[in-house]
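These protein sequence lines map, in sequence, to chains A and B.
If you count the first sequence from 1, position 195 lands on 195 in the numbering used here, and the numbers rise without skipping.
Quick note: to get the numbering used here, add 1000 to the position in the second sequence (first position is 1).
Let me begin by presenting the structure, written as structure tokens, before commenting on it.
There are 2 protein chains.
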Amino acid sequence: MVAVVTGFAVSPDRGRGHARDMRVRWAMEELGVAHEVRLLGHADMKEEPHLSLQPWGQIPTFEDGEVALFESGAIVLHLAQSYPGLLPEGRAARARAMSWMFATVATVEPAVQEVETARFFESGEGWPPARLQAAEARLRARLQPLEARMAGRDWLDEVFTAGDLMMIAVLRRVGGLQERFPALAALVARGETRPAFARAFAAQRAVWESVLASGRAG
Amino acid sequence: MVAVVTGFAVSPDRGRGHARDMRVRWAMEELGVAHEVRLLGHADMKEEPHLSLQPWGQIPTFEDGEVALFESGAIVLHLAQSYPGLLPEGRAARARAMSWMFATVATVEPAVQEVETARFFESGEGWPPARLQAAEARLRARLQPLEARMAGRDWLDEVFTAGDLMMIAVLRRVGGLQERFPALAALVARGETRPAFARAFAAQRAVWESVLASGRAG
Chain A
1 MVAVVTGFAV SPDRGRGHAR DMRVRWAMEE LGVAHEVRLL GHADMKEEPH
51 LSLQPWGQIP TFEDGEVALF ESGAIVLHLA QSYPGLLPEG RAARARAMSW
101 MFATVATVEP AVQEVETARF FESGEGWPPA RLQAAEARLR ARLQPLEARM
151 AGRDWLDEVF TAGDLMMIAV LRRVGGLQER FPALAALVAR GETRPAFARA
201 FAAQRAVWES VLASGRAG
Chain B
1001 MVAVVTGFAV SPDRGRGHAR DMRVRWAMEE LGVAHEVRLL GHADMKEEPH
1051 LSLQPWGQIP TFEDGEVALF ESGAIVLHLA QSYPGLLPEG RAARARAMSW
1101 MFATVATVEP AVQEVETARF FESGEGWPPA RLQAAEARLR ARLQPLEARM
1151 AGRDWLDEVF TAGDLMMIAV LRRVGGLQER FPALAALVAR GETRPAFARA
1201 FAAQRAVWES VLASGRAG
């Protein structure tokens, strides 16, 4: 029996690896966890049986025998605590990795998402420019301390952990990172050169290529 | 040596237990973890040594010997994995509790916070009503599936876990819960009747009362 992860049949990110299944795929590649990906259409996501796995009808979910999880952060942490390779040795270092994982989804990602919402979904609403500017200012306030932290470092802490994996997956979505936050751009680049990242990226990209080939792209 | 948690010397929530140290205090009371609370002024939070514990200069942080964490979700999960009482028996149930913890901070709390931002911080900006309405709609979309889930249940799963603790701490901040989401209001009320909640609430309330008594309230 292999683990099953859900992902978009037709991803809104058009194969750029920004959907939240990417971080779970990447973690499984780092850890060598055999898995298959169940692709869901937008209607499937909002119906049973998926809603029993994910109350909001989102991806990814994870199933492995009797264990089922939702929330990409929970899935990656479950994997990291179940297989060696994504958490460091020592209680103190492991605790810090867990802090970075929560910081990614609770403190950094909401600010990234707010900018995306203001930029893409509300662009036709005729709201004043202050709306996007406020969102951009909140995102900068999240990224500046991280940029400062990365001075002279390869990873958020001593070694690559699930905390870096999560943070890199979110930072990849930030526009203009190289110009504004070069140390964070270097962190992202370091993550993207990992063979496990490349395998996970290729696997999700192949889904999008097949969408294109079949003419199902929106 | 007892664990040390940081909290606001003068909390912007004026003693209502909405600051993020409350969830850590509550978890420690549930688990019987001896602790003290280090109160920080707003200037202290943005300076060393606190910035080395918390990159964004926020509370809470947690220190216990060599272990130091930030992010309330990480702290509560670390506590729940270190002491018995906030995670259920069995791998499947423990995985679900972890999913609820991440869902709280990654999926529900950002929507609560966006409404708070639109309502309180942007109210003088002259933005169109659509801004607050959009934020309210996103919050409703997060809360409706939870409301449906709670039908006939006492907790998010079979027994009270760290997932309920986190979710209740966030739901307490939602206005009009009783009228709009009665099952979630009942969940909150159930949490608030726990003796550990009452002890944690009283402890943070006492800080605010002393602020009032000293004339330092803003």
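Every residue gets a Cβ at the ideal spot worked out from N, C-alpha and C, and that includes glycine.
Predicted model, so just to flag it, every value in this text is computed and none were measured.
C-beta neighbour in chain B for residue i, strict 8 Å
| i | result |
| --- | --- |
| residue 40 (chain A) | no |
| residue 131 (chain A) | yes |
Close-in-space but distant-in-sequence residues of the same chain around residue i (CB under 7 Å, 5 per side omitted)
| i | result |
| --- | --- |
| residue 1216 (chain B) | 1010 |
| residue 245 (chain A) | Outside the shown range of chain A (1 to 218) lies residue 245 (chain A), about which nothing can therefore be said. |
| residue 136 (chain A) | 115 |
| residue 197 (chain A) | 26 and 191 |
| residue 142 (chain A) | 107, 108 and 111 |
| residue 1119 (chain B) | 1132 |
| residue 211 (chain A) | 10 and 217 |
| residue 57 (chain A) | 45, 46, 50 and 51 |
| residue 1013 (chain B) | 1019 |
| residue 1033 (chain B) | 1003, 1079 and 1083 |
Contact with chain A by residue i, beta-carbon distance below 8 Å
| i | result |
| --- | --- |
| residue 1066 (chain B) | yes |
| residue 1071 (chain B) | yes |
| residue 1077 (chain B) | yes |
| residue 1026 (chain B) | no |
| residue 1055 (chain B) | yes |
| residue 1182 (chain B) | no |
| residue 1074 (chain B) | yes |
| residue 1127 (chain B) | yes |
Contacts around residue i, its chain only, beta-carbon distance under 8 Å, and the 5 residues preceding and following it disregarded
| i | result |
| --- | --- |
| residue 1038 (chain B) | 1004, 1005, 1006 and 1007 |
| residue 41 (chain A) | 9 and 10 |
| residue 73 (chain A) | 101, 102, 104, 105 and 166 |
| residue 1076 (chain B) | 1023, 1024, 1027, 1086, 1101, 1162, 1165 and 1166 |
| residue 1117 (chain B) | 1135 |
Candidates the options, of which the one nearest residue i by Cα
| i | options | result |
| --- | --- | --- |
| residue 152 (chain A) | A:14, A:191, A:173 and A:184 | A:184 |
| residue 188 (chain A) | A:122, A:134 and A:155 | A:155 |
| residue 1208 (chain B) | B:1001, B:1002 and B:1019 | B:1019 |
| residue 1064 (chain B) | B:1048, B:1035 and B:1147 | B:1035 |
| residue 71 (chain A) | B:1132, B:1118, B:1029 and B:1096 | B:1096 |
| residue 1144 (chain B) | B:1132, B:1171, B:1120 and B:1159 | B:1171 |
| residue 61 (chain A) | A:21, A:89, A:141 and A:121 | A:21 |
| residue 1181 (chain B) | B:1148, B:1200 and B:1203 | B:1148 |
| residue 1017 (chain B) | B:1169, B:1094, B:1193 and B:1133 | B:1169 |
| residue 1067 (chain B) | B:1001, B:1127 and B:1158 | B:1001 |
| residue 1195 (chain B) | B:1047, B:1029 and B:1092 | B:1029 |
| residue 1113 (chain B) | A:138, A:93 and A:200 | A:138 |
| residue 1186 (chain B) | B:1093, B:1202, B:1146 and B:1081 | B:1146 |
| residue 1094 (chain B) | A:214, A:81, A:90 and A:91 | A:81 |
Exposure of residue i, with buried meaning 16 or more beta-carbon neighbours within 10 Å
| i | result |
| --- | --- |
| residue 1054 (chain B) | buried |
| residue 99 (chain A) | buried |
| residue 107 (chain A) | buried |
| residue 1129 (chain B) | exposed |
| residue 1175 (chain B) | exposed |
| residue 1204 (chain B) | buried |
| residue 1043 (chain B) | exposed |
| residue 1178 (chain B) | exposed |
| residue 134 (chain A) | buried |
| residue 121 (chain A) | exposed |
| residue 1088 (chain B) | buried |
Any non-hydrogen atom of the ligand GDP closer than 7 Å to residue i Cβ
| i | result |
| --- | --- |
| residue 27 (chain A) | Absence of the ligand GDP from the depicted structure is noted, as is the absence of any ligand whatsoever, leaving it without description. |
Residues near residue i in its chain [Cβ-Cβ closer than 6 Å; skip 5 each side]
| i | result |
| --- | --- |
| residue 1199 (chain B) | 1029 |
| residue 1157 (chain B) | 1096 |
| residue 1069 (chain B) | 1062, 1075 and 1078 |
| residue 1015 (chain B) | 1205 and 1208 |
| residue 201 (chain A) | 17 |
*In chain order, what residues of the region 87 to 114 of chain A put their CB closer than 8 Å to some CB of chain B?*
91, 92, 95, 96, 98, 99, 101, 102, 103, 105, 106, 107, 109, 110, 113 and 114
*Below 7 Å between beta carbons is the criterion; list the residues of the region 1144 to 1176 of chain B that meet it against any residue of chain A, in chain order.*
1145, 1146 and 1149
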